[in-house]
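Novice: Dropping the structure in here first, questions after.
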Amino acid sequence: MSVLQSFLCIFSRLKTMSSPLNCPMHLVIYTWYVLHVSSFNEILRLQFNKDHNPQPIYLSAKALMQIQLRHGYFPRIVGKGDKARKVVDQLLRMRRELDAEGSLGGSGGKLMASNTIENLIIIDRDVDFATVLMTQLTYEGLVDELFGINHNHTEVDTSIIGYAAPQASSNSSNTSKQSLKRKVQVDSSDQLFSQLRDANFAIVGGILNKVARRLESDYDSRHGAKSTSELREFVNKLPAYQAEHSSLKIHTNLAEEIMRRTRSDIFRQTLGVQQNIAAGADSTSQYDTIEELIARDAPITTILRLLCLDSCINGGLRPRDLDNFKKQVLQGYGYQHLLTLSNLEKMELLQPKVPSTGILLQGGSISAAGAKTNYNSLRKSLRLIVDEVDEQSPNDISYVYSGYAPLSVRLVQCVLQKAYVQALVKGNHSPQAAAAAAGAASTTPGWLGFEDVVKNARGSSFNIVPKGDEKAARARQTLTGSGGAKTVFVFFLGGITFTEIAALRFIAQHEAGRRNIIICTTAILNGDRMVRAGMEQGNLQNVCDN
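This is the structure in structure tokens:
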């Protein structure tokens, strides 16, 4: 049984467990190739430094240990970020305990390095807050931004997508009390959604149009049936046609609603500010637009995301600008957000710029371990901004944000597709460069070739090969004759967005035949969820009473 097949057998949600610590399995299959650490909604509260509870670190290490118990030790562990390093330290401690138990004759036994897993890559969310704060521009990402996706379902007003088909057992009294919200399943079981989910929204209309024309042609084929067998074949296919037609209707209505919202002035202004800040434009030139959005009573999450994005990318806001925006937020949205602003500062999302930090970031020098991520340097050294993006036939992960490549995923490419990233930075932005990466990726493992570059990202960098593991794995592979695609686990500690998942799937497509990429995460994030983790709800009197 392969690594991929075994996940369907050993990882499942155990709803009967009263506590995550009592749960023997800590990974849940969110969708194919995506595993979710089952932490019972604790991760969002804990990951942004609101307290120092070690449980998320332990649960993450425990989940990874479950994989090792099934398939052998990871031959190599590569990662970025201080919390990621803590997970690895915990994981190595668990390994030593298991080895010690085996040497004493216990039930643990001594595990060998896996010959089916290539490596584990851990990316700490602290390394790249900015990507989460950007508006997602893939279809699935926009569905999550505008409607929310929870456990592969989204709830949409029936005025947008209509009511579900009534069940045969339903009666008139039940249908008259139908909910104003309709729950829609959005996962790979829907073939149409599988085509749409990772596409930039700019091309979704064209995909839906092609599917509609094909379905119309399939329905018209019944008129050409000349024999009973041909007619029977059409009748057998009819349920599949009807299911696809129903899915087409849902996603067409969803796409029309998304298009209506994305054409609003507030959305366009917000997206423009985000892309200008990400591209390195002078942030003060964007402040008039942010102030206009506040005056137009844009959602507070929109305003906070813009301010936090500016803070994360530019190492903070100038104190006088930050004080001015705080004043406008409090006057416009309520003084209970005094605590919101304080929480966002504790979460290191919205901070004043320290003079020395500002000089460091503008100068482009290497930041010290634990300092803020230097986007101004990484924007050039990893080419995070790509001007010419082919959204129809993309050849770079930057298509998911229409020109901005997520730093977190670019770091994964620094491990898996070194030749491509190096060619991209030199200006060779072509499919041929991506093909060249396949031949050179395995020759320089870990961060080799990018050691100086990754120092500009926040937190420690590590490339750990447990003693004897790599040689043992090669020896086992030689003896067993096992070859083919290896499996790479990419673990996002602190959460991942649907757009980052789309970018990782894009990498997986180019690595097909050489590597299988499995994504693990502690949470599914978007910018609103991130800032809401620090928001105070209600009015100031309620906050004070509590």
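Going by my numbering, the first residue of the sequence shown is number -17, and it counts up by one from there. Think of the CB as a built atom: it goes at the ideal place given N, C-alpha and C, for glycine as much as any other residue. Since the structure is predicted, the reported quantities are computational estimates derived from the model, not experimental observations.
1. In chain order, what residues of the same chain lie with their CB nearer than 6 angstroms to the CB of Arg77, ignoring the 5 residues before and after it?
2. Alpha carbon to alpha carbon, what distance is there between Leu288 and Glu127?
3. Do Val69 and Ala43 come within 8 angstroms of each other at the CB atom, strictly closer than that value?
4. Mapping the DSSP letters down to three states, classify Gly61 as helix, strand or coil.
5. Quick one: Cα of Met7 to Cα of Ile506, how far?
6. In whole angstroms, what separates the C-alpha of Val166 from that of Glu433?
7. From what residue to what residue does the beta strand (DSSP E) around Gln167 run?
8. Would DSSP call Val219 helix, strand or coil?
9. Taking just the CA atoms, how far does Leu197 sit from Ala485?
10. Under 7 angstroms Cβ to Cβ from Ala194, same chain only, skipping five residues before and after it: list those, please.
11. Enumerate in chain order the residues of its own chain whose CB-to-CB distance from Ala184 is below 7 angstroms, with the five nearest sequence positions on each side excluded.
12. Would you kindly work out how many angstroms separate the C-alpha atoms of Val368 and Ser384, rounded to a whole number?
13. Contact check, Gly314 vs Ile276 under 8 angstroms by CB: the rounded distance?
14. How many Å lie between Glu518 and Phe471 at the Cα?
15. Just to confirm before moving on: does the CB-CB distance between Glu482 and Ser390 stay below 8 angstroms?
16. Starting from Asp139 and walking both ways along the alpha helix (DSSP H), at which residues does that stretch end?
17. Please return the same chain residues whose Cβ sits closer than 6 angstroms to the Cβ of Thr252, not counting the five positions on each side in sequence.
18. Checking 8 angstroms against the spacing of the C-beta atoms, do Ile489 and Gln395 come in under that value?
19. Around the C-beta of Met512, are 16 or more other C-beta atoms found within 10 angstroms, so that it is buried, or is it exposed?
20. How many Å lie between Ala401 and Gly431 at the Cα?
21. If you draw a straight line from the alpha carbon of Thr136 to that of Gly130, how long is it in whole angstroms?
22. Since I believe Leu364 is in contact with Val403 (beta carbons under 8 angstroms), could you give me their beta-carbon distance rounded to a whole number of angstroms?
23. Applying the criterion that 16 or more other CB atoms from any shown protein chain within 10 Å of the CB defines a buried residue, is Asp270 buried or exposed?
24. Please classify Asn508: does DSSP put it in a helix, a strand, or coil?
25. Can you tell me whether Gly409 is buried or exposed, with buried defined as 16 or more other CB within 10 angstroms of its CB?
26. Since Asp106 contacts Gly476 with CB under 8 angstroms, what's their CB separation in whole angstroms?
27. With DSSP run on the structure shown, which of helix, strand or coil describes Asp106?
28. Could you name the residues of the same chain whose beta carbon sits closer than 6 angstroms to that of Leu343, not counting the 5 residues immediately before and after it, in chain order?
29. Taking Thr503 as part of the beta strand (DSSP E), name the residues at either end of that continuous run.
30. Which parts of the segment 249 to 300 are runs of the alpha helix (DSSP H), unbroken and 4 residues or longer, counting only runs that do not cross its ends?
31. Counting along the chain, where does the alpha helix (DSSP H) carrying Leu389 start and finish?
32. Considering only their Cβ atoms, is the gap separating Tyr223 from Arg179 smaller than 8 angstroms?
33. DSSP three-state label for Phe471, please.
34. Note the first and the last residue of the continuous alpha helix (DSSP H) segment covering Phe480.
35. Within the same chain, show all residues whose beta-carbon is closer than 7 angstroms to that of His233, passing over the 5 residues directly before and after it, in chain order.
36. Note down the Cα distance separating Trp429 from Val109, rounded to an integer number of angstroms.
Specialist: With the structure as the only source:
1. Taking the first residue of the sequence shown as 1, we reach residue 77 at position 95. Nothing listed; no residue qualifies.
2. Numbered from its first residue, the sequence shown carries residue 127 at position 145. Numbered from its first residue, the sequence shown carries residue 288 at position 306. If you take the alpha carbons of Glu127 and Leu288, they lie about 15 angstroms apart.
3. Position 61 of the sequence shown holds residue 43. Position 87 of the sequence shown holds residue 69. Their beta carbons are under 8 angstroms apart, which means Ala43 touches Val69 by this criterion.
4. Along the sequence shown, one-based indexing puts residue 61 at 79. DSSP, read as helix, strand or coil, puts Gly61 in strand.
5. Mapped onto the sequence shown, residue 7 falls at position 25. Mapped onto the sequence shown, residue 506 falls at position 524. Residue placement at Met7 cannot be trusted, given a pLDDT of 48 that sits under 50; what the coordinates show is reported in the next sentence. Roughly 19 angstroms between the two C-alpha positions.
6. For this step, residue 166 is matched to residue 184 along the sequence shown. For this step, residue 433 is matched to residue 451 along the sequence shown. Computed Cα separation, rounded: 45 angstroms.
7. Numbered from its first residue, the sequence shown carries residue 167 at position 185. For Gln167, the enclosing beta strand (DSSP E) stretches over residues Lys163 to Gln167.
8. As a position in the sequence shown, residue 219 is number 237, starting the count at 1. Note that residue 219 corresponds to Lys in the displayed sequence, not to Val. Of the three classes helix, strand and coil, the one that applies to Lys219 here is helix, per DSSP.
9. Within the sequence shown, the letter at position 503 stands for residue 485. Within the sequence shown, the letter at position 215 stands for residue 197. Each residue's Cα considered, the two are about 29 angstroms apart.
10. The count along the sequence shown starts at 1 and reaches residue 194 at position 212. The answer, listed in chain order, is Leu230.
11. Translated into the one-based positions of the sequence shown, residue 184 becomes position 202. Closer than 7 angstroms at Cβ, skipping near neighbours: Glu373.
12. Sequence index remark: in the sequence shown, residue 368 carries index 386 (1-based). Sequence index remark: in the sequence shown, residue 384 carries index 402 (1-based). Val368 and Ser384: Cα-Cα distance of roughly 9 angstroms.
13. The residue you call residue 314 lines up with position 332 of the sequence shown. The residue you call residue 276 lines up with position 294 of the sequence shown. Ile276 and Gly314 do touch by the CB rule: their CB atoms are close to 5 angstroms apart, below 8 angstroms.
14. By one-based count along the sequence shown, residue 518 stands at place 536. By one-based count along the sequence shown, residue 471 stands at place 489. Taking the Cα positions, Glu518 is about 36 angstroms away from Phe471.
15. Within the sequence shown, the letter at position 500 stands for residue 482. Within the sequence shown, the letter at position 408 stands for residue 390. It is a contact, given that the beta carbons lie within the stated cut-off.
16. Stepping through the sequence shown from its first residue, residue 139 is reached at position 157. Judged by DSSP secondary structure, Asp139 falls outside any alpha helix (DSSP H) and instead within the beta strand (DSSP E) spanning His135 to Asp139.
17. Within the sequence shown, residue 252 is the residue found at index 270, counting from 1. So the qualifying residues of the chain are Thr284.
18. In the sequence shown, counting from the first residue as 1, residue 489 sits at position 507. In the sequence shown, counting from the first residue as 1, residue 395 sits at position 413. Between Ile489 and Gln395, the CB-CB gap stays under 8 angstroms.
19. Along the sequence shown, read from residue 1 onward, the residue named residue 512 stands at position 530. Buried is the call here.
20. Locating residue 401 in the sequence shown gives position 419, where the first residue counts as 1. Locating residue 431 in the sequence shown gives position 449, where the first residue counts as 1. Using only the alpha carbons, I get a separation of about 10 angstroms.
21. The residue you call residue 136 lines up with position 154 of the sequence shown. The residue you call residue 130 lines up with position 148 of the sequence shown. In a straight line, the C-alpha of Thr136 is about 6 angstroms away from that of Gly130.
22. Numbered from its first residue, the sequence shown carries residue 403 at position 421. Numbered from its first residue, the sequence shown carries residue 364 at position 382. Right, their Cβ atoms sit about 7 angstroms apart.
23. For this step, residue 270 is matched to residue 288 along the sequence shown. Using a 10 angstroms sphere on the CB of Asp270, the tally of other CB atoms stays under 16, which defines it as exposed.
24. Along the sequence shown, one-based indexing puts residue 508 at 526. Here Asn508 sits in coil by DSSP.
25. For the purposes of this step, residue 409 is taken as the residue at position 427 of the sequence shown. With fewer than 16 neighbouring CB atoms inside 10 Å of its own CB, Gly409 falls in the exposed class.
26. In the sequence shown, residue 106 corresponds to position 124, counting from 1. In the sequence shown, residue 476 corresponds to position 494, counting from 1. Between Gly476 and Asp106 the Cβ distance is about 6 angstroms, and since that is below 8 angstroms, they are a contact.
27. Your numbering for residue 106 matches position 124 in the sequence shown. When secondary structure is reduced to three states using DSSP, Asp106 falls in the strand class.
28. Position 361 of the sequence shown, counting from 1, holds the residue named residue 343. Below a pLDDT of 50, predicted positions are generally treated as unreliable, and Leu343, at 47, falls in that range; the measurement from the model is reported next regardless. Cβ neighbours of Leu343 beyond the five flanking positions: Gly297, Asn356 and Asn358.
29. Counting from one through the sequence shown, the residue named residue 503 turns up at place 521. Arg497 to Thr503 is the extent of the beta strand (DSSP E) around Thr503.
30. Look at the segment 249 to 300 and you find these whole runs of alpha helix (DSSP H), each 4 residues long or longer: 269 to 277 and 282 to 296.
31. One-based indexing of the sequence shown puts residue 389 at position 407. Residue range Leu389 to Leu398 is occupied by the alpha helix (DSSP H) that includes Leu389.
32. Counting from 1 along the sequence shown, the entry for residue 179 is found at position 197. Counting from 1 along the sequence shown, the entry for residue 223 is found at position 241. Going by C-beta atoms, Arg179 is not nearer than 8 angstroms to Tyr223.
33. Numbered from its first residue, the sequence shown carries residue 471 at position 489. The answer is strand: DSSP assigns Phe471 an E or B state.
34. Residue mapping note: residue 480 aligns to position 498 of the sequence shown, counting from 1. For Phe480, the enclosing alpha helix (DSSP H) covers residues Phe480 to His492.
35. Indexing the sequence shown from 1 puts residue 233 at position 251. Cβ contact annotation for His233 (same chain, cutoff 7 angstroms, sequence separation greater than five): Leu174, Phe175, Leu178 and Leu190, in chain order.
36. Position 447 of the sequence shown holds residue 429. Position 127 of the sequence shown holds residue 109. Cα-Cα distance, rounded: 15 angstroms.
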